[in-house]
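J.: Questions regarding the structure given below will be posed in turn.
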Amino acid sequence: MTSKTKQYVKAFDGFKVLGLPYKQGEDRRRFSMYFFLPDANDGLPALVDKVSSESQFLERHLPYQKAGVGEFRIPKFKISFGFEASNILKGLGLVLPFSGDGLTEMVDSPVGRNLYVSSIFHKSFIEVNEEGTEAAAATAGVVKLRGLLVEEKVDFIADHPYLFLIREDATGVVLFVGSVLNPLAE
351 MTSKTKQYVK AFDGFKVLGL PYKQGEDRRR FSMYFFLPDA NDGLPALVDK VSSESQFLER
411 HLPYQKAGVG EFRIPKFKIS FGFEASNILK GLGLVLPFSG DGLTEMVDSP VGRNLYVSSI
471 FHKSFIEVNE EGTEAAAATA GVVKLRGLLV EEKVDFIADH PYLFLIREDA TGVVLFVGSV
531 LNPLAE
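Residues 351 to 536 in the working numbering are what the sequence shown lists, from first letter to last.
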């Protein structure tokens, strides 16, 4: 991806963060994809340690103002993941939907007594290409409006390992997190 429109970039001590807002729907949810690029080529493990161990790290290190972007490149990638989640949910104590009587009050019919959840599957994907990013059914496009302060131009060239995440910005909930270890591989 090389498009310089609708970006939020900020340089911090030892790393840079790029924010790409997704097209917003009619509700109040605001989704963005963030890329955390360490300055050092081998700096990803230390950056992941910071992100996962420092309280309020994301709130303090996300770019909220549109910034001038110098040179900008993120290699395209596509990641998908799927698993059967029933045993995990049962292990967390969610057993009622899997029992014979679990859904009786959800259906106003005698058939409801025979309904139950037999299994739950989860599948997700994230794709970044020349046109933007896509995750599940969200596609990059229109951005939310914030201040129009323009800072010094920041280069963002993801030619070494980096972290990415997708976050719902109104609540702060992180929906996806991952890393690209070899961005130069096809």
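Don't be surprised by glycine CBs; every beta carbon is placed ideally from N, CA and C.
If you follow the beta strand (DSSP E) that Ser405 is in, where does it begin and where does it stop?
T.: To locate residue 405, count along the sequence shown from 1; it is residue 55. Ser405 -> no beta strand (DSSP E), and no H or E assigned at all.
J.: For Arg496 and Gln406, I'd like the C-alpha separation in whole angstroms.
T.: Your numbering for residue 496 matches position 146 in the sequence shown. Your numbering for residue 406 matches position 56 in the sequence shown. Reliability of the predicted coordinates at Arg496 is poor, the pLDDT of 34 falling under 50, and the value obtained from them is presented with this limitation in mind. The straight-line gap from Cα to Cα measures roughly 21 Å.
J.: Buried or exposed for Tyr372, going by 16 or more other Cβ atoms inside 10 Å?
T.: For the purposes of this step, residue 372 is taken as the residue at position 22 of the sequence shown. Its Cβ being crowded by 16 or more others within 10 Å, Tyr372 is buried.
J.: Span of the beta strand (DSSP E) holding Ile507?
T.: Residue 507 sits at position 157 when you count from the first residue of the sequence shown. Residues 504 to 507.
J.: Going by the CB atoms, is the gap between Pro447 and Val467 shorter than 9 Å?
T.: As a working note, residue 467 is residue 117 in the sequence shown. As a working note, residue 447 is residue 97 in the sequence shown. Contact: yes.
J.: Please name the residue, chosen from Ser436, Leu513, Lys503, that lies closest to Ala396 on a Cα-to-Cα basis.
T.: Taking the sequence shown and counting its residues from 1, one reaches residue 396 at position 46. Looking at the Cα atoms, Leu513 is the closest of the given residues.
J.: Quick check on the burial criterion: 16 or more other C-beta atoms within 10 angstroms. Buried or exposed for Val367?
T.: Position 17 of the sequence shown, counted from the first residue, corresponds to residue 367. With 16 or more other Cβ atoms within 10 Å, it is buried.
J.: In terms of alpha-carbon separation, which member of Ser382, Lys360, Asp363 lies closest to Thr521?
T.: One-based indexing of the sequence shown puts residue 521 at position 171. Among Ser382, Lys360, Asp363, the Cα nearest to that of Thr521 belongs to Ser382.
J.: With distances taken from CA atoms, which of Ala508, Arg517, Val401 is nearest Leu387?
T.: By 1-based counting over the sequence shown, the position of residue 387 is 37. Measuring from the Cα of Leu387, the nearest candidate turns out to be Ala508.
J.: Identify which residue in Val527, Glu518, Ser474, Leu525 has its Cα closest to the Cα of Arg378.
T.: Position 28 of the sequence shown holds residue 378. Out of Val527, Glu518, Ser474, Leu525, Glu518 has the C-alpha closest to the C-alpha of Arg378.
J.: What's the C-alpha gap between Glu501 and Glu409?
T.: Taking the first residue of the sequence shown as 1, we reach residue 501 at position 151. Taking the first residue of the sequence shown as 1, we reach residue 409 at position 59. Unreliable positioning characterises Glu501 in this predicted model, as indicated by a pLDDT of 48, which lies under 50. The coordinate reading is nonetheless provided below. Approximately 20 Å, taken between the alpha carbons.
J.: Under the assumption that Ile424 contacts Phe385 (Cβ atoms under 8 Å), give the Cβ distance between them as a whole number of angstroms.
T.: For the purposes of this step, residue 424 is taken as the residue at position 74 of the sequence shown. For the purposes of this step, residue 385 is taken as the residue at position 35 of the sequence shown. That pair is a contact at about 6 Å.
J.: With DSSP as the reference, please indicate the residues paired to Pro388 in a beta bridge.
T.: By 1-based counting over the sequence shown, the position of residue 388 is 38. Per DSSP, Phe365.
J.: Starting from Ile438, trace the beta strand (DSSP E) both ways and give me its first and last residue.
T.: Indexing the sequence shown from 1 puts residue 438 at position 88. Premise fails: Ile438 lies in the alpha helix (DSSP H), 436 to 441, not in any beta strand (DSSP E).
J.: Based on the DSSP output, what are the partners of Leu370 in its beta bridges?
T.: For the purposes of this step, residue 370 is identified with residue 20 of the sequence shown, where counting begins at 1. Answer is Met383.
J.: Does any C-beta atom of chain B lie closer than 9 Å to the C-beta of Pro511?
T.: Of the chains in the structure shown, none is chain B; there is only one protein chain.
J.: Check the C-beta distance from Gly432 over to His472 and give it rounded, since I have them as a contact under 8 Å.
T.: Locating residue 432 in the sequence shown gives position 82, counting from the first residue. Locating residue 472 in the sequence shown gives position 122, counting from the first residue. With a Cβ gap of about 6 Å, Gly432 and His472 count as contacting.
J.: Contact check, Ile470 vs Ser436 under 8 Å by CB: the rounded distance?
T.: Your numbering for residue 470 matches position 120 in the sequence shown. Your numbering for residue 436 matches position 86 in the sequence shown. Their Cβ separation, rounded to whole angstroms, is 5 Å, which keeps Ile470 and Ser436 in contact under 8 Å.
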